[in-house]
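Reviewing the structure listed below.
Residue numbers (my numbering), protein chains in the order written: chain V, 1 to 591; chain R, 1001 to 1591.
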């Protein structure tokens, strides 16, 4: 069975050596000294590794049940969920006013990685609740907030997001679910929603569904969509629970992975709903949560890569197979461990350099969200908005690949379910799809974000890279990092230039390169992160750290990323600069 | 439910327009005119698409059963297997002497792709039998051949290959299974073998296990391994079946995919076995079949990519979602089909250019095997031996990625099992692992094959590329293809040069780049195939073909491959040329 150990030390390195959080003037950051964050991460890590992780394979093997309209969760989920609630983890980054602890997103994200790495399917029950609560927090009336938030922050009630219908996923303008006004401020919601994660289960006494629907007579398409609160069980004025609402589960889906999470077909049959935010402004309400939600999915992709990597390393150290070509490393044993072989190391270094670089990128993103929200910094908001599709798309694509590489280290043992390596890939696979498939992330990046505010945010990103390279360009100890980062950044600029020059004539020239641009951007971001981490490591070593091996390892891993992963940027640029001619040339019948 | 349509037209194009098989002087090729091969492919395609393909999801959902020591196959498998046997498909490329039809490997491989594309798990029962029969054909005594081959060619009896043990997969020198000589020419085989595909089932009256084991007192390690025939049911002298042999199924494995194939733990308890080939030469006996077996696995990877691609195309044409940014293509409908979107096309073109290029590469490989065996051409044998790890490793890695891309086209519908797209990726995943994990293929390529016969075969490969580029370098209609192929080939040569110059000093410098080299080589091979296909298309168009659209599509797809896939070669070269320093630097504890 796979194990999970919280990567606390690496998180501490990113939070303090790289992001230097406690020195930040973002409200709430001053408390985040090393001891404090370490205590939080250690405590969360204990629960994640000790209680939540062992249920990962259980959830995969058992899945959820659906009998007589009732959804059951796998053995042990309910008890573990109680422990997570009791520890106060569900409200970690929620306002104190509603029972939370008001921690910054950077801490919520780090802790989220721990729980998700331990058990993605399990942690989604809380994750969806967090998303729904955030929407109510931003768009709800005082009464709605008072009614729902305390229960949702504590996860006594969980939440869901209902967007997709059978005939519409990305294109929500095609939506058919209707909301008929009842004259008393409430609406009757009717329609079918599919792929509803945590749609129903036996771990909470109520479920607060957020449902997108159209009010008859409103504008066509996406502009006529509104957002509604539809509780599973009606809530009386005194906050007690009343009768069942007109919402039921039609079926649970049989999926490739995340079996422990109940993915439901939800039927709304004149269910009572309450408008959340303004009429016809449902998409806007959804969009305000999108940066956080997409960052959360990027986090999930990364978390599976971390969990799979940990197990692959242990297997590579334990499994004896073949001999080191440069001389036996375990001469008294029947063979050397797998980890002596160069190609196994290549696979592990690919994973390690991605996981650690991706974590820095993710936490930097969360840091920017805090800056945007807590310091009301519009530039930070613009920058993280630009990078959000990259965080989501790149970290989930690469995270998935990373789990596949980890599985490969096991050979045939990775293919049987016994070792749990197949589950990491099957669970990670969904992160490339939900919360906007990665092709849609690329479209968002190139079609919307690049040009937003006259390209101000992408210029700001380049400025960050440029400033870093300038500051450390003369530092010989940084030569291995600044050069490759500069080159990669030039490729990204050239790609942006290509889009500007050609996308005007024909938007397909830009869109045909959008996916490659997202990956090019991701590599430059991880290149920047590795350069910053190398700088932090050099600083620690110069200051005579007592943990030189840790920082030396960072430098080696940074060198690996520069030498072995960053060369991908030239390939993506070449693909982009080939334009859309060969992509668009065929008629549909010729495929 | 997914469907499967035999890609007969594309196979015909490769066989005739590109490989020009009927003009070849390889014995048996003269019969292969267009009508004849078309009739075979059409007939096989009918059975594959109509009978075998509908059982693919059935096999995945039901899996195999194991009760009271008896393995059962999914509903319908037995009946379909009878139809495949009745059609004579199991002996297509086996000698007439034993009931086969003596077709060349190039036809066996094309037909194999059809059945495997329709249902990989099902077709493996026959595939394993083919492998075991081939071993008996080459290494068996006259009596062994007479006893087993007629039954195996017809698949009345099926076969298995028993190599792996719990503690040894790649490193077979660690093997513990023993073979005690009985003085009467037979041996008592005892030990446990795992991951035995088609290890037991209810579709044949006997199963012929080929088992690697050690005869006590023989040389240590891999040099002391012998190969044995161990029938499930003893065969009497008159060919009738006798008592059960001492072989039983310990368990069936629960796997990520290929659920329809029974992967067994086999227990040999003083089972009677008969030496196949010479004592202690078991590995040599295995190796003689390895080119064919690995080509067969490359074929499987490709076959899943083809099947997944076909369904992704249909979905992209049917599913209405969003609008073409350059103007509505389906203005009377609620939205345009997915296929109008550039990023969907990019994904489909990636798949199309891989599948068609990979098929040409695969059939070229089979063509070379025929040349090697039927024409006893040692140069062809050397060349295909060099390319075999590339065919296996590259076609399965890329084949798997291709199925992931196809799944992605479906969005959330690709993640639920209902549409069958998840199965393609789960089934394809094993092809990267079995018959030598792809890292081992890379090791074989760089550690053994490159330098074989003083590098003669890789020089021969470069000569083929060079000759092609020279012959068509002045042809303006070939300019889009010859230039990129030349560049890619230069990258491959530079990588080989790097290995020569640095691998001597430190073999890790070569081995750390082995995986990238395998992919670099694969891209050059597909580049060569696309250049040859472009040439064939130009020729057909110049000759006034009545099917111009087909050939024009080939040219567009060739251009796509050159512009969008071949740029990967520079990245792989950069990774290779970074050497092994960053790969090998860390101590095991630092991972």
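All C-beta atoms, glycine included, are put in the ideal place defined by N, C-alpha and C.
Quick caveat, the model's predicted, so the values are computed rather than measured.
Where does residue i land, buried or exposed, given buried means 16+ other C-beta within 10 angstroms?
i, result
"residue 52 (chain V)", "buried"
"residue 1449 (chain R)", "buried"
"residue 328 (chain V)", "exposed"
"residue 17 (chain V)", "buried"
"residue 1531 (chain R)", "buried"
"residue 446 (chain V)", "buried"
"residue 1454 (chain R)", "exposed"
"residue 35 (chain V)", "exposed"
"residue 1142 (chain R)", "exposed"
"residue 237 (chain V)", "exposed"
"residue 67 (chain V)", "exposed"
"residue 1402 (chain R)", "buried"
"residue 123 (chain V)", "buried"
"residue 1452 (chain R)", "exposed"
"residue 1027 (chain R)", "exposed"
Between the alpha carbons of residue i and residue j, how many angstroms are there, rounded?
i, j, result
"residue 1096 (chain R)", "residue 1365 (chain R)", "23 Å"
"residue 240 (chain V)", "residue 215 (chain V)", "29 Å"
"residue 1379 (chain R)", "residue 1294 (chain R)", "19 Å"
"residue 363 (chain V)", "residue 1534 (chain R)", "48 Å"
"residue 88 (chain V)", "residue 77 (chain V)", "17 Å"
"residue 1316 (chain R)", "residue 585 (chain V)", "16 Å"
"residue 304 (chain V)", "residue 354 (chain V)", "12 Å"
"residue 506 (chain V)", "residue 439 (chain V)", "19 Å"
"residue 1222 (chain R)", "residue 1161 (chain R)", "17 Å"
"residue 13 (chain V)", "residue 395 (chain V)", "20 Å"
"residue 1578 (chain R)", "residue 1129 (chain R)", "44 Å"
"residue 1156 (chain R)", "residue 1167 (chain R)", "33 Å"
"residue 136 (chain V)", "residue 292 (chain V)", "14 Å"
"residue 85 (chain V)", "residue 518 (chain V)", "37 Å"
"residue 1112 (chain R)", "residue 1299 (chain R)", "8 Å"
"residue 71 (chain V)", "residue 1314 (chain R)", "34 Å"
"residue 1381 (chain R)", "residue 1573 (chain R)", "27 Å"
"residue 655 (chain V)", "residue 149 (chain V)", "In the structure as shown, chain V begins at 1 and stops at 591. Residue 655 (chain V) is therefore absent and cannot be evaluated."
Can you round the beta-carbon distance between residue i and residue j to whole angstroms, since I take them to be within the 8 Å contact cut?
i, j, result
"residue 405 (chain V)", "residue 321 (chain V)", "That pair is no contact at about 17 Å."
"residue 259 (chain V)", "residue 60 (chain V)", "5 Å"
"residue 384 (chain V)", "residue 522 (chain V)", "So it is not a contact: roughly 15 Å between Cβ atoms."
"residue 198 (chain V)", "residue 262 (chain V)", "6 Å"
So, with DSSP's three-state summary, where would you put residue i?
i, result
"residue 1576 (chain R)", "helix"
"residue 209 (chain V)", "strand"
"residue 1361 (chain R)", "helix"
"residue 566 (chain V)", "coil"
"residue 242 (chain V)", "strand"
"residue 269 (chain V)", "strand"
"residue 1098 (chain R)", "helix"
"residue 446 (chain V)", "helix"
"residue 320 (chain V)", "strand"
"residue 1115 (chain R)", "helix"
"residue 264 (chain V)", "strand"
"residue 546 (chain V)", "coil"
"residue 1274 (chain R)", "strand"
"residue 1064 (chain R)", "coil"
"residue 1404 (chain R)", "helix"
"residue 1331 (chain R)", "coil"
"residue 420 (chain V)", "coil"
"residue 1085 (chain R)", "helix"
"residue 508 (chain V)", "helix"
Checklist line | Within the region 1425-1502 of chain R, ranges of the alpha helix (DSSP H) (whole runs, at least 4 residues) | finding: 1438-1443, 1452-1472
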